[in-house]
Amino acid sequence: LGGMLTNFSTIKKSLQRLKKIEKMEVDGTFENLTKKEVSALQKD
Numbered sequence: 052l053g054g055m056l057t058n059f060s061t062i063k064k065s066l067q068r069l070k071k072i073e074k075m076e077v078d079g080t081f082e083n084l085t086k087k088e089v090s091a092l093q094k095d
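Going letter by letter, the sequence shown gives residues 52 to 95 in my numbering.
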């Protein structure tokens, strides 16, 4: 719990990035990217 409180800004940024990637997947942005780019985004 303590680590989560001190790293809250990092966790928040990671969650925002995850939401952005999920949105890209839903709205079809992945279709415009190369297979390698999509793989790199999904790996994170």
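We put the CB at the ideal spot given by N, CA and C, even for glycine. Note that the structure is predicted; figures quoted are calculated from it, not measured.
- DSSP places Gly79 outside both helix and strand once states are collapsed to three, so it counts as coil.
- Between the alpha carbons of Glu88 and Leu56 lies a distance of about 32 Å.
- Secondary structure of Leu84 (DSSP, three-state): coil.
- In this structure, the straight-line span from the alpha carbon of Met75 to that of Phe81 is close to 6 Å.
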